[in-house]
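Below: the structure, in structure tokens.
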Amino acid sequence: MEKRTLGRTDRQVGVIGLGAWQLGGADWGQTDEADALGTLHVALESGVSFIDTADEYGDGRSEQIIGELLRSLARTGTQAPTVATKMGRRAAQTPENYNAANFRAWTDRSRRNLGVERLDLVQLHCPPGPVYASDEVFDALDALVEDQTIAAYGVSVRTCEEALAAIRRPNLATIQIVLNAFRLKPLEQVLPAAAQAGVGVIARVPLASGLLSGKYTAATVFGTDDHRAYNRRGESFDVGETFSGVDYTTGLEAVERLRLLVPAGVTPAQFALRWIVDQEAVCVVIPGARNAEQAHANAAAAALAPLDQDTHGAVREVYDQLIRPRIHDQW
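To convert, note that position 316 of the sequence shown is 378 in the working numbering; the numbers rise steadily by one, no gaps.
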């Protein structure tokens with residue numbers, strides 16, 4: 063698998079990683095731990111070398127399952143993947159909670175969950191807006207790097223404006239942002255600014271909560287414990303994290319138009335991932351996977367030929383006609 067530099071670090075990671083939100087169980091329906099470990103192992107066997115999780119996913123369960131993976135790899139002398147985690151969403155979302163003492167407690171908990179001495183990459187998890195302007199916040203993160211609690215830090219952002227503010231921080235390694243065929247706004251300023259600064263872009267929600275996989279229809283019913291059922295209007299958290307903020311009916315219409323662009327032998331999900339990989343400023347894209355088959359198929363997208371310019375233009379046309387009028391200015 064093609065590898066790219068993880069922002070302002072010396073780590074090389076495969077362009078297709080794995081998002082581990084689903085492994086925590088909460089927000090995606092229940093997940094069996096043995097199945098989750100199987101998915102992780104198959105992902106690594108398929109070339110994945112970057113896993114993204116967060117301390118709030120299953121209240122630490124996702125981190126703990128990844129910790130089991132890391133221990134099993136250590137027993138066999140197998141090289142471990144880069145593991146990025148996120149912190150902050152378990153606390154009340156006030157700027158005051160983003161402080162050195164909490165950072166210490168949160169990173170210590172993640173280190174215990176993962177079973178590691180030093181965290182590879184820690185990201186603030188969509189923090190409140192004032193956090194981006196706080197020198198004290200970033201000084202505290204620098205201190206964690208200096209004492210080797212963490213190797214590097216980044217920020218997972220909601221909006222392009224937040225991303226641009228974060229990129230200006232001199233020691234920031236990465237930003238994580240929603241980027242997919244339904245969310246093109248980051249292409250305008252964020253990706254160029256990140257590339258110029260040497261900050262890595264981690265593309266999350268690449269399949270728009272599975273919508274871009276082409277598997278769902280108007281008749282699809284999601285479980286009551288699945289955010290795709292209970293958060294369609296942002297009832298529990300930012301609606302942009304569910305179907306990228308696109309209303310379900312419009313999303314289905316757009317998917318059918320995008321389906322016409324997919325080459326023979328390629329799945330809609332692989333097409334959607336390849337579109338992101340074609341963005342050179344992206345260092346890694348992190349699709350989730352509910353099972354080993356999905357993890358393997360997602361990783362295979364890295365081996366596809368780049369999409370031609372006509373295809374990229376057609377993707378933008380679908381966006382401009384169906385998506386842009388509804389969500390472009392929101393994030």
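Every residue gets a Cβ at the ideal spot worked out from N, C-alpha and C, and that includes glycine.
These numbers were taken from a predicted model, which means no experiment stands behind them.
*asked:* On the criterion of 16 or more Cβ atoms from any shown chain inside 10 Å, does residue 330 qualify as buried, or is it exposed?
replied: By 1-based counting over the sequence shown, the position of residue 330 is 268. Burial call: buried.
*Looking only at DSSP bridge pairs, what is residue 242 linked to?*
Within the sequence shown, numbered from 1, the residue matching residue 242 stands at position 180. Note: residue 242 sits in a beta bridge opposite 245.
*Please specify which runs of the alpha helix (DSSP H), each continuous and at least 4 residues long, are wholly inside the segment 173–239, giving them in chain order.*
197–208 and 222–229
*Skipping 5 residues on each side, what residues in its chain have a beta carbon closer than 7 angstroms to that of residue 275?*
The residue labelled residue 275 in the question sits at position 213 within the sequence shown. Hits under 7 angstroms: 269, 330 and 331.
*Identify every run of the beta strand (DSSP E) within the segment 260–300, keeping only runs that are complete inside it and at least 3 residues long; order them along the chain.*
262–266
*Could you check the C-alpha separation between residue 133 and residue 182 for me, to the nearest Å?*
Within the sequence shown, numbered from 1, the residue matching residue 133 stands at position 71. Within the sequence shown, numbered from 1, the residue matching residue 182 stands at position 120. Residue 133 and residue 182: Cα-Cα distance of roughly 16 angstroms.
_What ranges does the alpha helix (DSSP H) occupy inside the segment 73–146, keeping only unbroken runs of at least 4 residues that lie completely in it?_
95–107 and 123–138
*DSSP on residue 313, reduced to helix/strand/coil?*
Position 251 of the sequence shown, counting from 1, holds the residue named residue 313. Looking at residue 313 - three-state DSSP - the assignment turns out to be helix.
*asked:* Suppose you measure from the CA of residue 223 to the CA of residue 252; what does that come to, to the nearest Å?
replied: Translated into positions along the sequence shown, residue 223 becomes position 161. Translated into positions along the sequence shown, residue 252 becomes position 190. Distance between the alpha carbons of residue 223 and residue 252: 8 angstroms.
_Measuring alpha carbon to alpha carbon, tell me which residue in 337, 128 and 198 is nearest residue 159._
The sequence position of residue 159 within the sequence shown is 97, counting from 1. Checked all of 337, 128 and 198; the closest Cα to residue 159 is 198.
*Closest by CA to residue 327, which one among 337, 312, 366 and 357?*
Translated into the one-based positions of the sequence shown, residue 327 becomes position 265. Minimum Cα distance to residue 327 is reached at 366.
*Are three or more beta carbon pairs between the segment 237–248 and the segment 333–343 nearer than 8 angstroms?*
yes
*How do the segment 344–352 and the segment 316–325 stand: do at least 3 beta-carbon pairs fall below 8 angstroms, yes or no?*
no
*residue 143 to residue 299 span [Cα, whole Å]*: By 1-based counting over the sequence shown, the position of residue 143 is 81. By 1-based counting over the sequence shown, the position of residue 299 is 237. Rounded to the nearest angstrom, the two C-alpha atoms are 29 angstroms apart.
*State buried or exposed for residue 283, treating a residue as buried only when at least 16 other CB atoms are found within 10 Å of its CB.*
Position 221 of the sequence shown, counted from the first residue, corresponds to residue 283. Its Cβ having fewer than 16 others within 10 Å, residue 283 is exposed.
*Return the Cβ separation of residue 80 and residue 262 in integer angstroms, given the expectation that the two are a contact with Cβ distance under 8 angstroms.*
Numbered from its first residue, the sequence shown carries residue 80 at position 18. Numbered from its first residue, the sequence shown carries residue 262 at position 200. Their Cβ separation, rounded to whole angstroms, is 16 angstroms, which puts residue 80 and residue 262 out of contact at 8 angstroms.
*Mind checking whether residue 307 and residue 371 have CB atoms under 8 angstroms apart?*
For the purposes of this step, residue 307 is taken as residue 245 along the sequence shown, with counting starting at 1. For the purposes of this step, residue 371 is taken as residue 309 along the sequence shown, with counting starting at 1. Result no, Cβ atoms of residue 307 and residue 371 do not sit closer than 8 angstroms.
_If distances are taken between C-alpha atoms only, which option among 193, 388 and 172 comes closest to residue 147?_
Counted from its first residue, the sequence shown places residue 147 at position 85. Looking at the Cα atoms, 172 is the closest of the given residues.
*Smallest Cα separation from residue 64: which of 184, 70 and 75?*
Taking the first residue of the sequence shown as 1, we reach residue 64 at position 2. Selected option, being the one with the closest Cα: 75.
_Classify residue 125: buried if its beta carbon has 16 or more other beta carbons within 10 angstroms, exposed otherwise._
Here residue 125 corresponds to residue number 63 of the sequence shown, with the count starting at 1. By the neighbour-count rule (16 or more Cβ atoms within 10 Å), residue 125 is buried.
*asked:* Just to confirm before moving on: does the CB-CB distance between residue 273 and residue 378 stay below 8 angstroms?
replied: As a position in the sequence shown, residue 273 is number 211, starting the count at 1. As a position in the sequence shown, residue 378 is number 316, starting the count at 1. No, Cβ-Cβ distance for residue 273 and residue 378 is not below 8 angstroms.
*Can the beta-carbon of residue 93 be found less than 8 angstroms from the beta-carbon of residue 106?*
Within the sequence shown, numbered from 1, the residue matching residue 93 stands at position 31. Within the sequence shown, numbered from 1, the residue matching residue 106 stands at position 44. No.
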